[in-house]
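Visitor: Each residue of the sequence shown is one higher than the one before, starting from -6 at the first, in our numbering.
Cβ coordinates follow ideal geometry from the N, Cα and C atoms, glycine included.
This one's a predicted model, so the numbers in the text were calculated from it and none came from an experiment.
Sharing a structure, written as C-alpha cells. Questions coming.
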Amino acid sequence: MTSSNAPAFATIMLLTGVGIPILAALNGGLGGRLGSPMAASVILFGLALLIAGTGALVTGSLGDIRFSGDIPWIFYFGGLFVAFYVIAVTFIAPRFGVGNAIFFVLVGQIASAAVIDHFGLFGAAQFPVDTKRIAGIALMVAGVWLARRTG
C-alpha cells in the first residue's frame, strides 16, 4: 500500500468486513420475522437507497447519477451482485449459519479479488499473483476454514 490514506482505508474496509456478517444476521432475522427473505431484502435496499440518495444530495453529486452510453455497460452490473449477495445471504444464513455462509463468501471474495488484481480487470490496479500471493491466499482460506470448524 503506497497511499498515505492506507491506514484510513484499511480501517474503513475492516469495519465494512465487520458489518457483512452483521448484515447477514440482521437481514436474515428480519426475513424470518416477516416470513419472507425477499421482503427483507426490499426493505434493506429501500433504506440503502434512502441513505445513498441523502449522501449524494449532501455531497452535491445527485446530478451525476445517470445511465450513459459512454460508460461500458459492465460497470452497471455491480447492483446485480449486491442484490444477489443480499438476497442469498438473507435466505441462506439463517438456515446454514451466518459463519458458514460468510466463510464461503470470503473464499469467493479472495479468489475473485486475486483474479481481478492479477489481470487488472474492470480498470482495477494490476497486482500479479505470484507464488507468495498464492501461499497467502491458501493460508487465509485455511485459517478461515479452521476458524469455522466445529468439534
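So, helix, strand or coil for I64, using DSSP?
Guide: By one-based count along the sequence shown, residue 64 stands at place 71. The answer is coil: DSSP assigns I64 none of H, G, I, E or B.
Visitor: How many angstroms separate the CA atom of V(-3) from the CA atom of L55?
Guide: Locating residue -3 in the sequence shown gives position 4, where the first residue counts as 1. Locating residue 55 in the sequence shown gives position 62, where the first residue counts as 1. The question names Val, yet the displayed sequence has Ser at residue -3. Whole-angstrom Cα-Cα distance: 28 Å.
Visitor: Buried or exposed: T9, going by 16 or more other Cβ atoms within 10 Å of its Cβ?
Guide: As a first step, residue 9 is located in the sequence shown; it is residue number 16 there, counting from the start. When all chains shown are included, T9 counts as exposed.
Visitor: Can you check whether the CB of M31 is closer than 8 Å to the CB of I85?
Guide: Along the sequence shown, one-based indexing puts residue 85 at 92. Along the sequence shown, one-based indexing puts residue 31 at 38. The answer is no: Cβ separation not under 8 Å.
Visitor: In chain order, what residues of the same chain have a beta carbon less than 8 Å from the beta carbon of I67, not counting five sequence neighbours either side?
Guide: On the sequence shown, position 74 is the one that residue 67 refers to. F115, listed in sequence order.
Visitor: Compute the distance between the beta-carbons of V91 and A140, then report whether it is under 8 Å.
Guide: Here residue 91 is taken as the residue at index 98 of the sequence shown, counted from 1. Here residue 140 is taken as the residue at index 147 of the sequence shown, counted from 1. In this structure, A140 does not lie closer than 8 Å to V91 by Cβ.
Visitor: Could you tell me whether the Cβ atoms of V137 and F96 are closer together than 8 Å?
Guide: Taking the sequence shown and counting its residues from 1, the one referred to as residue 137 is at position 144. Taking the sequence shown and counting its residues from 1, the one referred to as residue 96 is at position 103. A contact, by the Cβ cut-off of 8 Å.
Visitor: Determine the DSSP secondary structure at G53, reduced to helix, strand or coil.
Guide: Taking the first residue of the sequence shown as position 1, residue 53 is located at position 60. G53 falls in the coil class under three-state DSSP.
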